[in-house]
Amino acid sequence: MDATTTLAATNFLFASLAYVFSKKDQVSNIQDKYVLITGCDGGFGRAFAERCHQLGFHVFAACLKEESVQQLKCYADRMIPFKLDVTDSQQIQQAVNLVNAQLPEGQGLWGLVNNAGLCETAFIDWLKIDTFRRLADVNLFGLIDVTCHFLPLIKKERGRIVNMASVAGIHASPLFGAYAVSKFGVVAFCNALRLEMLPFGVGVHCVCPTGFATGMTIPDRMIESTRSRYNDASDDVKESYKLVLAQVEEKIEKLCTKIPTDLSPVVEAVEDALLSRKPKRFYYVGPFTMFYRLLSCCPTSLADWISLKLSSHYTPNMRIISKQ
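In the working numbering, the protein residues as written are 1193 to 1516.
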C-alpha cells in the first residue's frame, strides 16, 4: 500500500469515526418528533423547514402568506404548512389547536423555532414610533406570544425552544436601531426563559446571525423602505440629512452585495440546537461574530469609536451633517 492509499484510508477512517460519534451525540427517534417553525415564507424559515423535513422530523410550517402555504404542500408526507400571523393571538391559539389535533395522544412538541421577523434600515430620527412598535410586535412580542402559547406542549416533551435573535441583539449599529431594540429584547427573553425552564428539562437556545442574504436583505426593498422612512420624516429632519441620503442608499446596496448568500451555517446552528444532546445556549453565526461579542464587553467609548470605524462601509460620511 503506497503513501497516498494509506493517507486516503486514514482520512476515511477518521471521517467515519467522526460521523459515528456525532450521531451518538444527537437525540434519537427523530422520525417520531414534531417541530414548529414560524416565518417559513422564505429565507431562514423556509430553509429550516426543508432541512427539518429532510432530517425526518414532522414539521409544522407557519407562513404569513397563503401562497407560501401552497408552495410547501409538496412536502405532504411529514409537513403541515399553515397560515399564521404571529402578532395575532387568536391565530396563535388556532395554531395550538391545529398542532394538538395532529400530535399523537400524550405527545408534546419537541421543537419550536421562532424565526418570523422584520427589519427596517433608517436613522432613528427618521422613524415614527409606529415603526418601533411594528418591529417589536413581530420580532419580540409575537415571538413571546407564540412561545407562551406552545410552552405547555414543549414542557410535556421536555423539548427545545430556538429563538432567532441577531448580532444586533448584542451590539447596536447605525441605521439598525429599531431592529436592534427588538432583538435586544429577544436576547433578554431567552436569558430569563432559559433559567426558568431548567427545572422542566426544556432547552432555550438563541441564534445570533450576522447579515445573510434573505428576503429582508434584498437591496431594492431595503433602499425603497429607507427612502420611504426618510420621506415620512419631518421637514427639519429631512433638511439635516438631505446631503447624505444618496450616500445612505449607496452604502446599503454595497452592504447587501457583501453579505453571505449561503444560509447553511445558520441552518446547521438550528439543527444542532434541536438535535444535539449538549446544545449551546447561544449560537453566533456569520462573519465577525466574535468581534461583535468582544465589542459588547468593551468600554463604551472604545466600542463607539470602533463601531463608527467599522460601520463606515455602510453608513455615510456624517461629518457632512456636522458641518451644516
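C-beta: ideal position from N, C-alpha, C; glycine also.
Given a threshold of 16 other Cβ atoms within 10 Å of its Cβ, counted over all protein chains shown, does Met1482 qualify as buried or as exposed?
Taking the sequence shown and counting its residues from 1, the one referred to as residue 1482 is at position 290. The residue is exposed, with fewer than 16 neighbouring Cβ atoms inside 10 Å.
Considering Cα atoms alone, identify which of Val1261, Ala1268, Leu1256 is closest to Gly1520.
Past the boundaries of the shown model lies residue 1520; the chain is included only from 1193 to 1516, so the question cannot be answered.
Per DSSP, what kind of secondary structure is Phe1213 in: helix, strand or coil?
Taking the first residue of the sequence shown as position 1, residue 1213 is located at position 21. Unreliable positioning characterises Phe1213 in this predicted model, as indicated by a pLDDT of 43, which lies under 50. The coordinate reading is nonetheless provided below. Phe1213: helix per DSSP, three-state reduction.
Flag this pair as yes or no: are the beta carbons of Leu1304 and Phe1342 separated by less than 8 Å?
In the sequence shown, residue 1304 corresponds to position 112, counting from 1. In the sequence shown, residue 1342 corresponds to position 150, counting from 1. Yes, these two residues count as a Cβ contact at 8 Å.
Using a Cβ-Cβ cut-off of 6 Å (strictly less than) and excluding sequence neighbours within five positions of Met1389, which residues of its own chain qualify?
Within the sequence shown, numbered from 1, the residue matching residue 1389 stands at position 197. The answer, listed in chain order, is Val1396.
Tell me whether the beta-carbon of Met1414 lies closer than 8 Å to the beta-carbon of Thr1323.
Walking along the sequence shown from the start, residue 1414 turns up at place 222. Walking along the sequence shown from the start, residue 1323 turns up at place 131. Contact: no.
Answer with buried or exposed for Cys1331, where buried requires no fewer than 16 other C-beta atoms within 10 angstroms of its C-beta.
Here residue 1331 is taken as the residue at index 139 of the sequence shown, counted from 1. The sequence given here has Asn at residue 1331, not Cys. Answer is buried; the Cβ neighbour count reaches 16.
Which whole-angstrom value is the C-beta distance of Val1440 and Thr1418, which I expect to be below 8 Å?
As a working note, residue 1440 is residue 248 in the sequence shown. As a working note, residue 1418 is residue 226 in the sequence shown. Going by Cβ atoms, the distance from Val1440 to Thr1418 rounds to 6 Å, so yes, they are a contact pair.
Tell me whether Ala1438 is buried or exposed, calling it buried when 16 or more other Cβ atoms sit within 10 Å of its Cβ.
In the sequence shown, residue 1438 corresponds to position 246, counting from 1. Exposed, because fewer than 16 other Cβ atoms sit within 10 Å of the Cβ of Ala1438.
Measuring CB atoms only, is the segment 1379 to 1388 touching the segment 1272 to 1292, in the sense that at least three cross pairs come out at less than 8 Å?
Contact between the segment 1379 to 1388 and the segment 1272 to 1292 is absent, because fewer than three Cβ pairs lie under 8 Å.
If contacts are defined as beta-carbon pairs under 8 Å, then Val1429 and Asp1329 qualify, I think. What distance do you get, rounded to the angstrom?
Taking the sequence shown and counting its residues from 1, one reaches residue 1429 at position 237. Taking the sequence shown and counting its residues from 1, one reaches residue 1329 at position 137. The pair is not a contact, with the Cβ atoms about 24 Å apart (cut-off 8 Å).
Should Ala1370 and Leu1327 be called a contact, given that it needs their Cβ atoms to be closer than 8 Å?
For this step, residue 1370 is matched to residue 178 along the sequence shown. For this step, residue 1327 is matched to residue 135 along the sequence shown. Yes; because the gap between Cβ atoms is below 8 Å, this pair is in contact.
Would DSSP call Leu1304 helix, strand or coil?
Here residue 1304 corresponds to residue number 112 of the sequence shown, with the count starting at 1. Correct three-state label for Leu1304: strand.
With a CB to CB cut of under 8 Å and the five nearest residues on each side skipped, what residues in its chain are close to Cys1232?
By 1-based counting over the sequence shown, the position of residue 1232 is 40. Counting only Cβ-Cβ distances below 8 Å, and skipping sequence neighbours, we find Arg1238, Phe1240, Ala1241, Ala1253, Ala1254, Cys1255, Ser1260, Leu1264, Pro1273, Asn1307.
If distances are taken between C-alpha atoms only, which option among Ser1281, Gln1283, Trp1302, Ile1229 comes closest to Asn1221?
As a first step, residue 1221 must be located in the sequence shown, where it is residue number 29. Comparing Cα-Cα distances from Asn1221 to each of Ser1281, Gln1283, Trp1302, Ile1229, the minimum goes to Trp1302.
Got a sec, what are the start and stop residues for the beta strand (DSSP E) Lys1470 sits in?
What you label residue 1470 is simply residue 278 of the sequence shown in a count that begins at 1. It is not in any beta strand (DSSP E) - Lys1470 carries neither H nor E in the DSSP assignment.
Identify whether Phe1274 lies in helix, strand or coil by the three-state DSSP scheme.
Stepping through the sequence shown from its first residue, residue 1274 is reached at position 82. Note: Phe1274 maps to strand in three-state DSSP.
Using a Cβ-Cβ cut-off of 7 Å (strictly less than) and excluding sequence neighbours within five positions of Glu1258, which residues of its own chain qualify?
For the purposes of this step, residue 1258 is taken as residue 66 along the sequence shown, with counting starting at 1. Correct list, in chain order: Lys1275.
Please name the residue, chosen from Tyr1226, Ala1293, Thr1406, Ile1346, that lies closest to Ile1451 on a Cα-to-Cα basis.
In the sequence shown, the residue the question calls residue 1451 occupies position 259. With distances taken between Cα atoms, Ile1451 lies closest to Thr1406.
Taking the straight line between their C-alpha atoms, what separation do you get for Ile1336 and Val1354?
Indexing the sequence shown from 1 puts residue 1336 at position 144. Indexing the sequence shown from 1 puts residue 1354 at position 162. Roughly 12 Å between the two C-alpha positions.
Quick check: the Cα distance between Val1338 and Ile1284, rounded to an integer number of angstroms?
In the sequence shown, counting from the first residue as 1, residue 1338 sits at position 146. In the sequence shown, counting from the first residue as 1, residue 1284 sits at position 92. Each residue's alpha carbon lies about 6 Å from the other.
For Ser1426, which residues from the same chain have a beta carbon less than 7 Å from its beta carbon, with the 5 sequence-adjacent residues on both sides left out?
Position 234 of the sequence shown, counted from the start, is the residue given in the question as residue 1426. So the list is empty, once near-sequence residues are dropped.
What separation, rounded to the nearest whole angstrom, lies between the Cα atoms of Pro1391 and Glu1349?
The count along the sequence shown starts at 1 and reaches residue 1391 at position 199. The count along the sequence shown starts at 1 and reaches residue 1349 at position 157. Taking the straight line from one Cα to the other gives about 13 Å.
Among Leu1466, Ser1281, Ala1293, which residue has its Cα nearest to the Cα of Phe1333?
Looking up residue 1333 in the sequence shown gives position 141. That would be Ser1281, whose Cα lies nearest to the Cα of Phe1333.
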